[in-house]
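Working notes, beginning with the structure itself.
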């Protein structure tokens, strides 16, 4: 079997690919200068944990079939330099996945938000329908041991199409490498300011992605986003273009003047073609904290909620149609989808309180997540907390993008750690700057993890929900233990 070495085996995606190749029978080795859980525990489980931490050029030998280079490594990495010296084949993570999937139908999910959730929804439905597929997804999913699966016989592969850079020696966005047969774009909202310094440069990456679709392939796109519509309209004429949008809310059928919206206008407003009389536009309802989709005379209660998740479901639905899943099969299967890790994940709940955590960190994700929780529980006070943690969110020039993102919350709280800013070698930001950027007079801003925890523990949570949003962990906060403490204080 092939012999493969991973430089940066401890990465979230990299360690999962290493395990996938190990399970496929490959001879796998790897190194990294730091490895934390859950990667550490998973690598140990499969006997893939390096004997020592640090780079080791002695591992790079002529008998290797290739090395797989992670984004965490640098251009002057000693293992990379040794591989180049020996003339070994060097793959980035996405390049290797592409090589492994050349004989499969590649389904690539792109967009600034919702990629992980849509990919997870598709995988959940295909598994329920016993349709074999390989995959790569950016979060741990219930019922799936690892986040990457590669086989020789699965006809499809579903890939989460990240727009971040491919590797230290390949500055292309990852999703430019995959060359999809079926592509989806769920939304475009400026992110990764350190790589794409202007919105125009960022949008250009999605134009390139759409035009990397294979000849006579398919582009499924969210028609409620103006920038996505532009990308779709300018894509090659041989590409089949399939728009989708949110279901209509069943009990809201009036325009701004409280006039009933005719059925044809409602369909057109939602970016959907008006087909024959047998076409049933999906609708949704919210009753007793449960969101349900109504379609073709049946109601399908969901475990997830929020307009962004309904949007994600509609995108996943169109993809699943492309691989032969019927409407009835899709809607039946999606009822048991409980969400991906840290995507509106319920931590604790009681009769009067629910505590969620979410990966939301960009302005558009923040707004969608806060709005979703408030719409689901309109009669509960919503306390929304977010951590400024990414390079973009901690950059002074980007902070103003957050204006209005907390509008749906009853109480808004922002946390940042000055040490994180210094570690990223960014200019200092202050509490006053953050308050001004969010454009909300009563917003609370903390720059110490213990301070925000103490504040939250001293609050009354009767008839109130807590939403914790971060791509980090509020500097070591154990959300599960913290949520249990909050709940116990109400007993």
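In our numbering, the protein residues as written are 25 to 515. The beta carbon of each residue, even a glycine, is placed where N, CA and C say it ideally should be. In this text the structure is predicted, and so the values were computed from the model without any measurement.
Distance between residue j and residue i (C-alpha atoms, nearest Å)
i           : j           : result
residue 301 : residue 320 : Since pLDDT at residue 301 reaches only 32, below the 50 mark, its modelled position is unreliable, and the value read off the structure follows with that caveat. Cα to Cα, the separation comes out at about 12 Å.
residue 177 : residue 44  : 15 Å
residue 96  : residue 49  : 26 Å
residue 432 : residue 394 : 6 Å
residue 461 : residue 390 : 14 Å
residue 339 : residue 224 : 25 Å
residue 245 : residue 426 : 25 Å
residue 30  : residue 100 : 16 Å
residue 452 : residue 219 : 20 Å
residue 328 : residue 41  : 28 Å
residue 287 : residue 306 : Only weak support exists for where residue 287 lies, its pLDDT of 41 falling under 50; the value from the coordinates is given anyway. The alpha-carbon atoms of residue 287 and residue 306 are separated by roughly 12 Å.
residue 164 : residue 226 : 27 Å
residue 66  : residue 52  : 14 Å
residue 448 : residue 418 : 9 Å
residue 134 : residue 127 : 21 Å
residue 27  : residue 172 : 18 Å
residue 110 : residue 93  : 15 Å
residue 102 : residue 352 : 54 Å
residue 472 : residue 378 : 24 Å
residue 430 : residue 175 : 44 Å
residue 337 : residue 253 : 19 Å
residue 124 : residue 195 : 21 Å
residue 71  : residue 140 : 28 Å
residue 374 : residue 507 : 11 Å
residue 259 : residue 341 : 22 Å
residue 481 : residue 211 : 36 Å
residue 34  : residue 191 : 15 Å
residue 406 : residue 485 : 10 Å
residue 362 : residue 168 : 13 Å
residue 420 : residue 217 : 11 Å
residue 79  : residue 55  : 6 Å
Collapsed DSSP secondary structure at residue i in the structure displayed
i           : result
residue 188 : coil
residue 360 : coil
residue 511 : helix
residue 294 : With a pLDDT of 41 at residue 294, under the threshold of 50, the predicted position of this residue should be treated as unreliable, and no value is reported.
residue 392 : helix
residue 244 : strand
residue 32  : coil
residue 353 : helix
residue 405 : strand
residue 161 : coil
residue 429 : coil
residue 143 : helix
residue 498 : coil
residue 16  : Since the first residue of the chain shown is 25 and the last is 515, residue 16 is not available in this structure.
residue 572 : Residue 572 cannot be examined here, being either before or after the span of the chain that is shown, 25 to 515.
residue 316 : strand
residue 87  : coil
residue 137 : coil
residue 227 : helix
residue 441 : coil
residue 446 : helix
residue 119 : helix
Start-to-end residues for the alpha helix (DSSP H) that takes in residue i
i           : result
residue 339 : 331-346
residue 322 : That residue, residue 322, is in no alpha helix (DSSP H); its beta strand (DSSP E) goes 322-325.
residue 458 : 455-462
residue 67  : 63-69
Which residues DSSP lists as bridging residue i, in chain order
i           : result
residue 471 : BP columns for residue 471 are empty, so no partner.
residue 180 : 129 and 157
residue 436 : 408
residue 172 : 160
residue 266 : 244
residue 111 : For residue 111, which the question treats as bridged, DSSP gives no partner whatsoever.
residue 78  : 56
Start-to-end residues for the beta strand (DSSP E) that takes in residue i
i           : result
residue 197 : 194-197
residue 130 : 129-134
residue 271 : Looking at the DSSP string, residue 271 is not in any beta strand (DSSP E), and its letter there is neither H nor E.
residue 489 : 488-493
residue 91  : 90-93
residue 307 : 307-311
residue 380 : 378-382
residue 258 : Careful: residue 258 lies outside any beta strand (DSSP E) and carries neither H nor E.
residue 53  : 51-55
residue 207 : 206-209
residue 115 : 114-116
residue 372 : 369-373
Under 8 Å, with one C-beta from each stretch per pair, do the region 307-318 and the region 328-339 reach the 3-pair mark? yes
Are three or more beta carbon pairs between the region 228-243 and the region 141-158 nearer than 8 Å? Because the criterion of three Cβ pairs below 8 Å is not met, the region 228-243 and the region 141-158 do not touch.
Taking three-plus beta-carbon pairs below 8 Å as touching, is the region 59-72 in contact with the region 85-99? no
Per the contact definition of three or more C-beta pairs closer than 8 Å, is the region 432-442 in contact with the region 370-385? no
Pairs of beta-carbons, one from the region 184-199 and one from the region 393-407, closer than 8 Å: are there three or more? No, because fewer than three Cβ pairs between the region 184-199 and the region 393-407 fall closer than 8 Å, the two stretches do not touch.
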